[in-house]
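Residue numbers (the working numbering): 5 to 374. The beta carbon of each residue, even a glycine, is placed where N, CA and C say it ideally should be. As the structure is a prediction and not an experimental result, all values here were calculated from the model.
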Amino acid sequence: MHPKTNIMKSMWMFIFMVLPFVAIAYIAWHVWVLLPLPAFWKSLVIAVGILCFVMLFLNFGRKFDTLPLPLAQVAYEIGTSTIFVLLYLVIVFLVLDLGRLCRLVPKTMLYQNGYTAIGLFIVIFGLFLYGNLHYKNKVRVPLELKSSKPLPHDYKVVMASDLHLGYHNPRKELARWVDMINAEKPDFILIAGDIIDGSMRPLMEERMAEEFHRLQAPVYACIGNHEYYTGQPQARQFYKDAGIHLLMDEAAVIDSSIVVIGRDDRSNWHRKDVKDLVTDQSKYIIILDHQPYHLKRSEAAGADFQLSGHTHRGQVWPISWITDHIYECSWGKYQIGRTQYYISSGIGIWGGKFRIGTQSEYVVATISQQ
């Protein structure tokens, strides 16, 4: 890695480590001056909030794996939800502070005011209730793909990414997704990585691999960055147990007319270049690449279509603005030359189950000849 890249990476890591603690201090001060309660109760509210945030880091350290599964699931949900609640509290208090500076918000509204505190609680609770209900609504995205190459018949394909199975997306949720996919009666299924969230423990205890065997069409998938976080050998074994055709810099041929190429995740700096994986351009070529970087390389290699995920489109607004800026395409349909792309925001999610300004989705594509 280039030294400049190392410096930039370290700088961003420092920023993302420091900013949450600055945000906590900012929110804690506002809560202290806003609540019309004795010091003990104010301190207790702030302490509970900080404890919930600490649980986020316990999750990263896999500390929940020793807890009983139901308790670990609750701890995961609380810890990972806190970061989103923190974001929106900062936004709300910043807006109120700006309003006060512009003399649009009276100072008394932010000091020892129970009505403001109750109002803020209702707004935040209502927003995240909506976000949770919106997450549970899986959007069916139709997609038409045209091939200039001969096909024996039209193909119906269900595509998904970022299942993030684990503590917060358990087997019961996976079973619902399997039923949705089977209802489409696809010819084959494509998954663009991050089937696993982080810990293998809930997948093993709930025997989630068995659920994939209910799928009524062959499944082809590439690996994602979360499989590397989990531990690649364990992840590969899970894919095998689930009956998923895992393609890591490998290709599979369907009916002698479609080639599905799964790239290793860019977490592996030594993965093959896409041009070295495309060897026969006479067939319809599908690329599975979890992270949607350097999209032009698939077009230059002669691919017909690429499916990616990873971005979640930020999961909630305004993070979606950031992903839209970072990626050439962070969500939806895209095209370069004759190559079509779809960047999925994911059927599952990382962390708290909230979708605000984004959607959880699966794609139902038809591949037909022009």
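Go to residue i, then tell me how far its beta strand (DSSP E) extends in each direction, as first and last residue.
i    : result
K142 : 142-151
Y224 : 223-226
G266 : 262-266
G336 : 336-340
M113 : M113 -> no beta strand (DSSP E), and no H or E assigned at all.
F68  : F68 -> no beta strand (DSSP E), and no H or E assigned at all.
I195 : 192-196
Using C-beta distances below 7 angstroms, list every residue in its chain close to residue i, excluding the 5 sequence neighbours before and after it, in chain order.
i    : result
L100 : V109, L114
I326 : G318
Q363 : V143, S349
L60  : G83, T84, T86, I87
Can you tell which of the options has the C-alpha that lies nearest to the C-alpha of residue i?
i    : options                : result
S286 : I122, K300, G306, W273 : G306
Y366 : A121, V58, A43, D166   : D166
E148 : D245, G83, L178, D308  : D308
E81  : W33, C226, F64         : F64
H34  : L60, T86, M208, Q116   : Q116
A246 : V22, R211, V257, A27   : R211
V145 : S152, P154, M163, L131 : M163
V223 : A213, H230, E231       : A213
A255 : Y288, E231, H230       : Y288
N186 : P154, A221, R175       : A221
R218 : E209, R175, M252       : R175
K140 : I262, L41, L178, N272  : L178
V263 : H138, S85, L75, L155   : L155
T283 : D191, T370, D253       : D253
L90  : T70, V368, A369, L131  : L131
H138 : I258, F358, A369       : F358
T370 : P24, K150, D259        : K150
I258 : H157, L23, W181, V58   : H157
V368 : F216, D280, K189       : K189
Is residue i near the ligand MN, with its Cβ less than 7 angstroms from a heavy atom?
i    : result
D328 : The model on display carries no ligand, and the ligand MN is accordingly not part of it.
Note down, in chain order, each residue of its chain lying with its Cβ closer than 6 angstroms to the Cβ of residue i, except the 5 sequence neighbours on either side.
i    : result
L352 : For clarity, residue 352 is Gly in the given sequence; the question names Leu instead. Contacts found: D166, L167, H168, N173.
G228 : G197, D198, D269, H294
I291 : I265, S302, A307, Q310
Y338 : Y345
E332 : L299
L106 : Going by the sequence as given, residue 106 is Cys instead of Leu. Excluding positions up to five away in sequence, the list is empty.
G361 : W321, S324
W354 : H168
Q77  : Y171
E231 : I200, A239
W36  : K46
Would you mind reading off the limits of the alpha helix (DSSP H) that contains residue i?
i    : result
A256 : Counting along the chain, A256 falls outside any alpha helix (DSSP H), though it belongs to the beta strand (DSSP E) covering 254-258.
Y243 : 236-245
Q77  : 73-105
M59  : 43-64
K279 : 278-281
H182 : Here the sequence assigns Val to residue 182, which means His is not the residue at that position. Run containing V182: 175-187, per the alpha helix (DSSP H) assignment.
L207 : 205-209
S312 : It is not in any alpha helix (DSSP H) - S312 instead sits in the beta strand (DSSP E) that spans 309-312.
K403 : With the chain covering only 5 through 374, there is no way to say anything about residue 403.
S372 : From DSSP, S372 is part of no alpha helix (DSSP H) but of the beta strand (DSSP E) over 364-373.
Can you give me the C-alpha to C-alpha distance between residue i and residue j, rounded to a whole angstrom?
i    : j    : result
I248 : Y30  : 47 angstroms
Y159 : Y345 : 17 angstroms
R267 : K276 : 8 angstroms
I300 : A121 : What sits at residue 300 in the sequence shown is Lys, not Ile. Taking the straight line from one Cα to the other gives about 50 angstroms.
I50  : N136 : 24 angstroms
K111 : L102 : 11 angstroms
F97  : I28  : 12 angstroms
F242 : G356 : 24 angstroms
I330 : G336 : 15 angstroms
M12  : L93  : The predicted position of M12 is uncertain, since its pLDDT is 49 and thus under 50; a value taken from the coordinates is nonetheless stated next. Cα-Cα distance, rounded: 28 angstroms.
A32  : W273 : 42 angstroms
V278 : A304 : 9 angstroms
For residue i, would you say it is in contact with chain B, using Cβ-to-Cβ distances shorter than 8 angstroms as the test?
i    : result
K337 : In the structure shown, chain B does not exist; there is a single protein chain.
Keeping to the same chain, check which residues put their C-beta closer than 8 angstroms to that of residue i; ignore five residues upstream and five downstream.
i    : result
L62  : F68, A79, G83
E209 : L73
Kindly confirm or deny that the region 115-128 and the region 293-313 touch, where touching means at least three C-beta pairs closer than 8 angstroms. As far as the Cβ criterion goes, the region 115-128 does not touch the region 293-313, which means the pair count is below three.
Count the C-beta pairs between the region 235-242 and the region 181-198 that are closer than 8 angstroms, then say yes if the count reaches three, no if not. no
Determine, using beta-carbon pairs with one atom in the region 198-205 and one in the region 216-235, whether at least three such pairs fall under 8 angstroms. yes
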